[in-house]
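Number of protein chains: 2
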Amino acid sequence: MAHGSTRPTSRDVAQAAGVSQAAVSLVLGDKWRGRVSETTAERVRQAARELGYRPNLAARNLRLGHTRTVLLVVPALTTEFFAGVYTGAARLAARHGFGVVLYPSPEGIGPARDPFASAQTALDGVIASSMAADALTAIHGDQLPLVMLDSDPQGSLGAATVNLDIADGVRQVAAHLIGLGHRRILHLAADVPSWTFDVRARELATRIAETPGTSLRTARAPISIDGALTATTTALTAPGPRPTAIVSDDDKLAAGAYKAARRLGLRIPDDISVTGLDDLALATAIDPELTTVRLDAELFGERGMQALLAVLEGREPQGGDIPVELVVRGSTAPPSAP
Amino acid sequence: MAHGSTRPTSRDVAQAAGVSQAAVSLVLGDKWRGRVSETTAERVRQAARELGYRPNLAARNLRLGHTRTVLLVVPALTTEFFAGVYTGAARLAARHGFGVVLYPSPEGIGPARDPFASAQTALDGVIASSMAADALTAIHGDQLPLVMLDSDPQGSLGAATVNLDIADGVRQVAAHLIGLGHRRILHLAADVPSWTFDVRARELATRIAETPGTSLRTARAPISIDGALTATTTALTAPGPRPTAIVSDDDKLAAGAYKAARRLGLRIPDDISVTGLDDLALATAIDPELTTVRLDAELFGERGMQALLAVLEGREPQGGDIPVELVVRGSTAPPSAP
DNA sequence: CCGCTCAAGTTTTACGTATAACGTCCTTCG
DNA sequence: CGAAGGACGTTATACGTAAAACTTGAGCGG
């Protein structure tokens with residue numbers, strides 16, 4: 005309850021130092037070269053220190069007309085991926101004197117109710133990750149500079165987009181599996197309407213279509229271990245020849261596929277190969293370690309922030325997808341003889 | 005670049021509606037009963053809608069003297085636990101018209117450099133989770149109402165604390181293992197100076213000490229799967245009789261213990277039992293599923309927020325630890341005959 | 001010794017909002 | 001019929017900061 009005593013203002017500091025409020029602002033704002041003598045400046049700094057002065061951000065923001073704060077909208081915080089995005093964005097932001105406020109959309113990937121109502125703080129811009137562009141623009145009404153992460157460059161209504169080269173990741177996975185000799189692939193797909201998952205499906209379908217002798221089936225599951233377990237079990241017990249490899253939309257789904265395989269008495273990778281996408285901590289916790297596509301979440305967040313800073317400064321944000329990397333571990337091997 | 009045109013203010017709305025700025029403030033602030041006629045009010049709302057008016061938060065915050073925004077300081081975002089804490093806190097906050105800004109300390113559990121510099125927004129209060137109280141109070145200088153989560157009630161310098169009943173969780177784990185017949189326990193401890201881990205160590209040591217015939221050894225590891233793998237391997241290959249059960253400080257460490265056991269050719273739970281703490285998604289992804297202590301992260305965050313709201317309103321925050329629950333899965337079983 | 005420049009400040013203003021204090025008119029009632 | 005009060009507003013002000021515009025005095029060259 006130490007907050008009954010009102011906080012000191014720049015005027016209090018001025019009085020303590022025997023100068024005007026303007027002088028305090030000048031000194032503390034580091035704009036005093038040639039305007040205030042070194043001795044006076046030091047006196048001001050001293051007074052500020054003694055009073056424990058902290059500028060009122062609300063007043064500063066009002067005066068300046070900006071807050072140097074941006075909002076990062078993420079679908080959820082249930083994996084360390086978005087934590088990495090945040091970290092990367094916040095780190096670069098801090099170097100430019102910006103803060104990042106996080107809004108994890110309760111609705112998950114796709115919609116986003118009203119991030120701005122929840123952020124009680126005024127914003128200079130928005131980075132939205134894996135969000136449906138229309139949902140977001142409907143909300144923010146084109147008021148704020150916007151950068152979209154992991155979304156359809158076409159559908160983002162003119163906002164800058166920064167993407168991971170997920171298509172290439174899927175390409176690498178497909179090439180890896182086909183190279184090992186796999187022909188019957190099961191796509192364990194996230195049952196969530198989102199561009200990021202559409203890309204995976206489209207790219208995988210394309211690769212399979214252009215490789216003679218290969219076939220593709222799809223199982224859809226909500227993004228959870230249990231959901232993937234159920235969907236995979238159903239798909240693997242369906243009539244017809246069993247797939248020899250499972251391509252999962254992300255690592256969590258892959259973990260579910262592991263459990264399904266185990267319950268069906270299938271050994272990984274001997275009886276069936278499994279791949280993931282993300283390279284979460286999970287990927288090396290399960291046995292065998294998961295062959296997956298490593299996404300550099302922090303770089304991703306950093307590039308998003310970089311783009312937003314460019315927009316804020318009136319520069320053109322530079323595009324270019326962020327490369328991803330296939331990490332081959334123990335969950336993939338040549339298929340056993342049929 | 006649609007942000008060249010400056011945003012409409014309440015004055016613009018007033019002009020459009022043909023009323024004074026004060027009337028706009030009254031209507032939009034829902035304080036107009038008996039001050040403005042329904043027709044005029046509707047005209048104002050209409051004008052606001054057409055102009056796409058959004059109040060300037062900085063100005064409002066300055067005027068009101070508070071921001072209805074609090075800061076949540078967490079050690080890191082590398083597991084879904086703190087994501088849950090955030091979610092719980094933010095949900096309750098939203099119901100009270102508060103926003104929550106997240107500051108994941110780059111330093112991890114323990115210190116915290118300068119959350120306030122990074123949060124460019126003015127704050128009404130702070131919730132700090134798993135932080136060293138002294139580090140935090142040194143920074144915020146007792147300026148803001150503070151609630152500490154998961155920290156020493158004694159060492160928190162008068163700030164309210166909200167804790168999970170982790171000691172009871174450890175108690176349950178110990179009782180479970182001892183009940184199964186285990187006598188030689190290995191404590192896989194997080195090598196991080198923090199109250200939350202001290203509690204685990206202390207409680208476990210107490211339980212072992214008061215149970216005749218039992219013995220305890222400790223292995224320390226950084227909180228990562230690989231770190232735990234190394235530390236556990238060392239501990240299990242040390243001379244002397246091998247422990248029959250491993251109590252891990254959290255689930256991630258347990259995952260490392262799994263890998264160590266596997267590499268040493270030990271089967272879980274037949275040759276060795278393993279327990280975790282947290283109940284992350286990881287716990288059910290690994291095989292066998294992990295016996296662990298479920299922490300209700302969202303409730304934890306909610307209770308933290310509840311306490312902070314109490315402090316903000318001058319009420320006494322109510323204490324009481326949050327109960328935790330042992331979840332028995334496949335990673336624990338009676339020890340095999342010696 | 002006059003006018004100019006420069007250092008070292010101060011005074012003033014604006015940012016956009018919420019609300020206290022103040023006006024009108026119109027109705028109502030003693 | 002006069003005063004009181006309600007309905008429906010308006011005007012004025014303060015929040016704390018940053019910075020533009022202004023003041024004062026000293027130093028200095030011509």
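In the order they appear, the protein sequences are chains A and B. Per this note's numbering, the very first residue in the first sequence carries number 5; after that it's consecutive. Per this note's numbering, the very first residue in the second sequence carries number 5; after that it's consecutive. Quick reminder that beta carbons are idealized off the backbone N, C-alpha and C, glycines included.
Beta-carbon spacing of residue i, residue j below 8 Å
i             : j             : result
residue 267/A : residue 237/A : yes
residue 256/B : residue 285/A : yes
residue 128/B : residue 201/B : no
residue 232/A : residue 65/B  : no
residue 282/A : residue 340/A : no
residue 330/B : residue 191/B : no
residue 335/B : residue 288/B : no
residue 80/B  : residue 184/B : no
residue 77/B  : residue 135/B : yes
residue 293/B : residue 333/B : yes
residue 13/B  : residue 125/A : no
residue 108/A : residue 312/A : no
residue 95/A  : residue 306/A : yes
residue 4/B   : residue 204/B : Because chain B here runs from 5 to 342, residue 4/B falls outside it and cannot be looked at.
residue 106/A : residue 106/B : yes
residue 242/B : residue 195/B : no
Chain B contact residues for residue i, given Cβ-Cβ distances below 8 Å
i             : result
residue 35/A  : Going along chain B, no residue has its Cβ under 8 Å from residue 35/A, so there is no contact; the nearest lies around 19 Å.
residue 11/A  : 147
residue 290/A : 289, 290, 291
residue 299/A : Result: empty, since nearest Cβ-Cβ is about 15 Å, beyond 8 Å.
Where residue i meets chain B, residues with beta-carbon distance less than 9 Å
i             : result
residue 131/A : By Cβ distance, chain B contributes nothing, its closest Cβ being about 14 Å from residue 131/A, past 9 Å.
residue 90/A  : 81, 106, 108
residue 261/A : Those within 9 Å of residue 261/A in chain B number zero; the least Cβ separation is about 11 Å.
residue 281/A : Per Cβ cutoff of 9 Å: no residues; residue 281/A is ~15 Å from chain B at best.
residue 266/A : 291
CB-CB length for residue i against residue j, believed under 8 Å
i             : j             : result
residue 229/A : residue 259/A : 5 Å
residue 133/B : residue 104/B : Actually they are not in contact, since the Cβ atoms of residue 133/B and residue 104/B sit about 12 Å apart, beyond 8 Å.
residue 251/A : residue 177/A : 6 Å
residue 321/A : residue 151/A : 7 Å
residue 249/A : residue 235/A : Their Cβ separation, rounded to whole angstroms, is 16 Å, which puts residue 249/A and residue 235/A out of contact at 8 Å.
residue 55/A  : residue 17/A  : 6 Å
residue 172/A : residue 328/A : 6 Å
residue 315/A : residue 164/A : 6 Å
Amino acids of chain B, ordered along the chain, whose beta-carbon sits closer than 7 Å to that of residue i
i             : result
residue 126/A : 60, 61, 62
Proximal chain A residues relative to residue i, where beta-carbon distance stays under 8 Å
i             : result
residue 182/B : In chain order: nothing, as chain A lies at least about 27 Å away.
residue 229/B : 285, 288, 289
residue 320/B : Simply none; closest approach about 10 Å.
Local conformation of residue i per DSSP, three classes
i             : result
residue 300/B : coil
residue 114/A : Unreliable placement is indicated for residue 114/A, whose pLDDT of 49 sits below 50; the coordinate value is still reported in the next sentence. Residue 114/A: strand per DSSP, three-state reduction.
residue 250/A : strand
residue 107/B : strand
residue 131/B : strand
residue 212/B : helix
residue 29/B  : helix
residue 282/A : strand
residue 312/A : helix
residue 161/A : coil
residue 294/A : coil
residue 55/B  : helix
residue 219/A : strand
residue 266/B : helix
residue 343/A : Absent from the structure is residue 343/A, since the part of chain A shown begins at 5 and ends at 342.
residue 61/B  : helix
residue 317/B : coil
residue 47/B  : helix
residue 73/B  : strand
residue 20/A  : helix
Chain A residues whose Cβ lies nearer than 9 Å to that of residue i
i             : result
residue 308/B : Near residue 308/B there are no residues of chain A at all, since even the closest Cβ is about 16 Å away, more than 9 Å.
residue 136/B : The contacting residues do not exist; residue 136/B stays about 20 Å from chain A at best.
residue 337/B : Going along chain A, no residue has its Cβ under 9 Å from residue 337/B, so there is no contact; the nearest lies around 18 Å.
Contact list for residue i against chain A, beta-carbon separation under 7 Å
i             : result
residue 65/B  : 62
residue 214/B : Under the 7 Å cutoff, chain A gives no residues; its nearest Cβ is about 34 Å from residue 214/B.
Evaluate contact between the region 301 to 312 of chain B and the region 79 to 89 of chain B, counting only Cβ atoms and requiring at least three cross-stretch pairs below 8 Å. Under the Cβ criterion (8 Å, minimum of three pairs), the region 301 to 312 of chain B counts as touching the region 79 to 89 of chain B.
Between the region 45 to 53 of chain A and the region 96 to 103 of chain A, are three or more C-beta pairs nearer than 8 Å? The region 45 to 53 of chain A makes no contact with the region 96 to 103 of chain A, as fewer than three CB pairs between them are under 8 Å.
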